[in-house]
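For the record, the sequence lines run as chains A and B.
Numbering-wise (the working numbering), the first sequence opens with residue 1 and increments by one.
Numbering-wise (the working numbering), the second sequence opens with residue 1001 and increments by one.
Structure, as structure tokens:
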Amino acid sequence: MLTIENLQAGYGKVQVLHGISIQVPQGKIVTLIGSNGAGKTTTMRAVSGMIKPTAGKITLAGVDITGLDSHQIAKRGLAHSPEGRRVFPTLSVLDNIRLGAFVRYTKARPQGDIESDLQKALELFPRLKERTHQIAGTLSGGEQQMLAMARAIMLNPEVILLDEPSMGLAPILVEEVFNIISRLKGEGVTMLLVEQFAAAALKVADYGYVLENGRISVHGPADQLKDDPAVKAAYLGG
Amino acid sequence: MKIKSYFLIVLGLAALGLFPVLVPNPYYVHLVETILIYAILLFGLDIVVGYTGQVSLGHAGLFGVGSYTAGVLFFKLGLPFLLAVPAAIGVTAVFGAVLALPALRVTGPYLAMVTLAFGTIIQILINEMTFLTEGPIGIKVAKPIFFGHKLNEVEYFYVVAVLMVLALVVVHRILKSHLGRAFEALRDSPVACDCMGVSVYRYKVYAFVISAGLAGLAGALYTYSEEYISPNTYNFELTILFLLAVIMGGRKTRSGALIGAAIVVMLPSLLSDINLFRVIATALAVGVAAMAAYNLMRKTRTVRELAVPVLATVAMSVFSFQLENITDWRLTIFGLMILFVVYYLQDGVVGFARDFLARFVRPKTHASVGSSNANLRRWTSTHTNASAGTGPLLEAQQVLMQFGGLKALNRVDLRVMPGTVHGLIGPNGSGKSTMMNVLTGIYQPTAGQVLFNGHSVTGQTPASIALSGIARTFQNVQLFGEMTATDNVLVSLHHIYKSNIVDVMLGTTRYRREDAAAREQAASLLDFVGLTAMSQEQARNLPYGKQRMLEIARALGLDPRLLLLDEPAAGLSPADLPELMSMVQKVRDHGITIILIEHHMDVVMGISDTVSVLDFGQKIAEGKPADVQSNPAVIEAYLGSGAQAH
């Protein structure tokens, strides 16, 4: 579904990614693990067009999306839930979720036909349902993370990029976030997941890649990586 | 590098000194004189715009105040140059303090409006106060007289040149000192700036006062240069021109101010000659086309991105040959050129040149930085032997924090014993961060009080609380993004500097001694958190986890007795956690008490001596980690049934 070939990217003079290749097959969850500064978030940003790759090719459902602007990539069905949950702080919860479906409002479908998806998203996140008219900036960190995820789902995307969904969340919420990821997986959503809780990520994912200094060092099925002694020592906290 | 910059300085001074000899034409001497005067003002404007990040549309007004102070003192009292100029600087600086007042309350477009009104009012006052300023008729001034000798145009040029160089040196020293760092810090994160003991309030006023002083000097010199002043000069257009000069030249550089001044003074004059304009337009088109070809070859830009600038400059060049008369088109062309520069060269001419040259210079390796590690002084806190008193170091009593109808903190008590790590946990939105903000003075509690070391800190400013010994990190990292890692730490070491602005200007031994001490301390702090190799990197370019480490180093720079850590492990991978935990323990072993907010249970339970749990703004549990962990209320509200070990 999403194919990344030999991707190189960076910021200014600093090259972060030195040619990485990742396959995210339809209906699977693929996780990207690695230590701080390895290039996980940079990969996400390069795929969703927030930074321009300097080399390599990215295809989404067979279509080349390399070098397109973020909004064009979103239109082609790639949703990005960024690190640090960038919700629109002055808009209500409901407006935030609706904005996720912005590109679905077209001339042919002036209402976007998003009502059923809206209900589905609210079912998935009951906490948001209780707060539909609250201003997003006043939500707690965990609720904002859920909102960012709900907003990504509203695009009805081919692929979701989920960057650090559990960052700064209470343990009880981390559990809930991973439950939601499992439920999305059950519904056949394709996902590229970056997560510090590598153990939890590998539990829910089908396949994993380990990123080291901008290069893929190991990759394989998630349950194999989980038992890989090197991965265990470096990323699973022993 | 050193030799190269000395060479440039000597070259610049020689060019300045020889200019009137080589080009004796009085018109050009006067033109360059005007550039130098504008440059003095732009040095000051850049402090406000580039460093503190405030917009000022009031600088033409300040320029006018300086001009008229000198002019009126000469005209009414016959004061000599040597008295009139300092008086102009002083009076304008006072006006600068007035202009700073709105900047303390509003920012962005609102500040632009207020400063614009300030400038307009000044112009109107100059026009109306005829008893003082002679109104629209203006004031005639003679060139200054030294020892009975009246200066001619060239001699006065040298006076201006010397003062410009002096202003340049002084401004450069100020901006490279702790004062300059304070200006930049309050731009990048006012909250963090206050929490590092650097009062945003005070340094904003300083920035405006220094900036206004320079505008006053420029204004006074302008009066003597023109020998006639009238209110119409100090209008809105002039203020826009100043702002454009800073942006076009390149903010945060002195060379940018000089180039910006040259552009705004010279271009309108150059454009009045059609043949010269043709040359400039063609040269520009050739230059842009060459750049475009170079970029295409290296594939750093696409054809679409390059088409507009190339076509625009070529069109302008063609257009220049179609024109028979330029006078009608002058302003339009000037405006278009400004648009072009602002759109394509956002870092100004200097920024563009720097980026361009940087491509040909191999990036510096920072290997040499690490090698000096051996003789680095290890960081220590001064509280190592602080007597652990019997009472609590920090005591929050019945703290109530109400936002509208929401009670974010509902009568919470917190007692933190000296020398301990006190964990603070709770679900997202339970009031932990609110508590941090109350303890550091960012929020004033609705009721209740906070005692630190036995004294109430409630009602004190964040800066003074920080200086009394409470340091913090932020949940959503609040580094000074455009500043290097070293400079970030140096901001919190601001308290080391006892030097005043005169010490900085003169570069006294006191200042140099303090600066060396602060830099040594900063280096050992960066070493402590393992960031030595990245000390010269801009904070915003560091990976997230390293940014958190930098925040800890910066907080320790305050030499605190109490350190508040707000989710230090967020964004760290499990493999990094042992390192973080041992660092927190090391900090505690230095005699620093710690309050730790964290969601990683391994971390909190592993290193806390006491843990308090908040839920919906109320304390629901407190005690030893093991007891809290097995408390049913805590499991239900926070840990969850699975209680998976992360």
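Glycine included, every Cβ here is placed at the ideal spot set by N, Cα and C.
{"Asked": "Same chain, Cβ closer than 7 Å to Val1341 (chain B), five either side skipped, listed in chain order", "Found": "Met1248"}
{"Asked": "Below-8 Å beta-carbon distance, Leu1614 (chain B) vs any chain A residue", "Found": "no"}
{"Asked": "Neighbourhood of Leu139 (chain A) by C-beta distance below 6 Å, restricted to the same chain and skipping five residues each side", "Found": "none"}
{"Asked": "Any chain A beta carbon closer than 8 Å to Asn1127 (chain B)", "Found": "no"}
{"Asked": "Any 3 or more C-beta pairs closer than 8 Å across the region 1238–1248 of chain B and the region 1331–1349 of chain B", "Found": "yes"}
{"Asked": "Opening and closing residue of the beta strand (DSSP E) in which Lys129 (chain A) lies", "Found": "No beta strand (DSSP E) contains Lys129 (chain A), which is instead part of the alpha helix (DSSP H) from 126–129."}
{"Asked": "Proximal residues to Ala1257 (chain B) (C-beta, below 6 Å), its chain only, five neighbours per side dropped", "Found": "Ala1039, Leu1042, Phe1043, Asp1046, Gly1249"}
{"Asked": "Any chain B beta carbon closer than 8 Å to Tyr209 (chain A)", "Found": "no"}
{"Asked": "Between the CA atoms of Gly141 (chain A) and Thr1069 (chain B) - distance to the nearest angstrom", "Found": "55 Å"}
{"Asked": "CB-CB length for Leu1394 (chain B) against Met1435 (chain B), believed under 8 Å", "Found": "Actually they are not in contact, since the Cβ atoms of Leu1394 (chain B) and Met1435 (chain B) sit about 11 Å apart, beyond 8 Å."}
{"Asked": "Val210 (chain A) vs Gly100 (chain A) beta-carbon contact at 8 Å", "Found": "no"}
{"Asked": "Leu1306 (chain B) versus Ala61 (chain A) - alpha carbon distance", "Found": "30 Å"}
{"Asked": "Whole runs of the alpha helix (DSSP H) within the region 1544–1613 of chain B, excluding any shorter than 4 residues", "Found": "1544–1556, 1577–1589, 1601–1607"}
{"Asked": "Sequence-distant residues of its chain with Cβ nearer than 8 Å to Gly1370 (chain B) (five each side left out)", "Found": "Only weak support exists for where Gly1370 (chain B) lies, its pLDDT of 42 falling under 50; the coordinates are left without a value."}
{"Asked": "Rounded distance between the beta-carbons of Glu1537 (chain B) and Thr1473 (chain B), thought under 8 Å", "Found": "In fact, because the Cβ distance is near 19 Å, the residues do not count as touching under 8 Å."}
{"Asked": "Completely contained alpha helix (DSSP H) runs for the region 1424–1476 of chain B, where each covers 4 or more residues", "Found": "1432–1439, 1462–1467"}
{"Asked": "Supposed close pair Leu1639 (chain B), Ile172 (chain A) - CB separation, criterion 8 Å", "Found": "6 Å"}
{"Asked": "Three or more C-beta pairs below 8 Å linking the region 1491–1508 of chain B and the region 1517–1527 of chain B", "Found": "yes"}
{"Asked": "Minimum Cβ-Cβ distance from Pro1543 (chain B) to chain A less than 8 Å", "Found": "yes"}
{"Asked": "Beta bridge counterpart(s) of Thr1139 (chain B) as assigned by DSSP", "Found": "What sits at residue 1139 (chain B) in the sequence shown is Ile, not Thr. According to DSSP, which records beta bridges pairwise, Ile1139 (chain B) is partnered with B:Ile1229."}
{"Asked": "Cross-chain neighbours of Tyr1638 (chain B) in chain A, by beta carbon under 8 Å", "Found": "Ala170, Pro171, Ile172"}
{"Asked": "Val1264 (chain B) and Val1288 (chain B) closer than 8 Å at C-beta", "Found": "no"}
{"Asked": "Residue environment, Pro229 (chain A), which counts as buried when at least 16 other CB atoms sit within 10 Å", "Found": "exposed"}
{"Asked": "Distance, Thr42 (chain A) Cα to Tyr11 (chain A) Cα", "Found": "9 Å"}
{"Asked": "Per DSSP, the bridge partner or partners of His1149 (chain B)", "Found": "B:Phe1146"}
{"Asked": "Partner residues on chain A for Pro1574 (chain B), Cβ-Cβ distance less than 9 Å", "Found": "Gln196, Phe197, Ala198, Ala199, Tyr235, Leu236, Gly237, Gly238"}
{"Asked": "First through last residue of the beta strand (DSSP E) which encompasses Ala9 (chain A)", "Found": "2–11"}
{"Asked": "Glu1482 (chain B) in three-state terms, based on DSSP", "Found": "coil"}
{"Asked": "Pro1445 (chain B) burial status per 10 Å Cβ neighbour count (16 or more: buried)", "Found": "buried"}
{"Asked": "Phe1054 (chain B): contacting residues in chain A (beta-carbon distance under 7 Å)", "Found": "What sits at residue 1054 (chain B) in the sequence shown is Gln, not Phe. Near Gln1054 (chain B) there are no residues of chain A at all, since even the closest Cβ is about 23 Å away, more than 7 Å."}
{"Asked": "Run of the beta strand (DSSP E) containing Met1129 (chain B), from where it starts to where it stops", "Found": "Counting along the chain, Met1129 (chain B) falls outside any beta strand (DSSP E), and DSSP gives it neither H nor E."}
{"Asked": "Strand pairing of Pro991 (chain B), partner residues [DSSP]", "Found": "Absent from the model: residue 991 (chain B). The displayed extent of chain B is 1001 to 1646, so no value can be given."}
{"Asked": "Neighbour flag for Tyr11 (chain A) against chain B, beta carbons, 8 Å", "Found": "yes"}
{"Asked": "Outcome for Val1438 (chain B) when other beta-carbon atoms lying within 10 angstroms are tallied against a minimum of 16", "Found": "buried"}
{"Asked": "Check whether Ala1626 (chain B) and Val1603 (chain B) have beta carbons under 8 Å apart", "Found": "no"}
{"Asked": "For Lys232 (chain A) and Ala198 (chain A), the rounded distance between their alpha carbons", "Found": "9 Å"}
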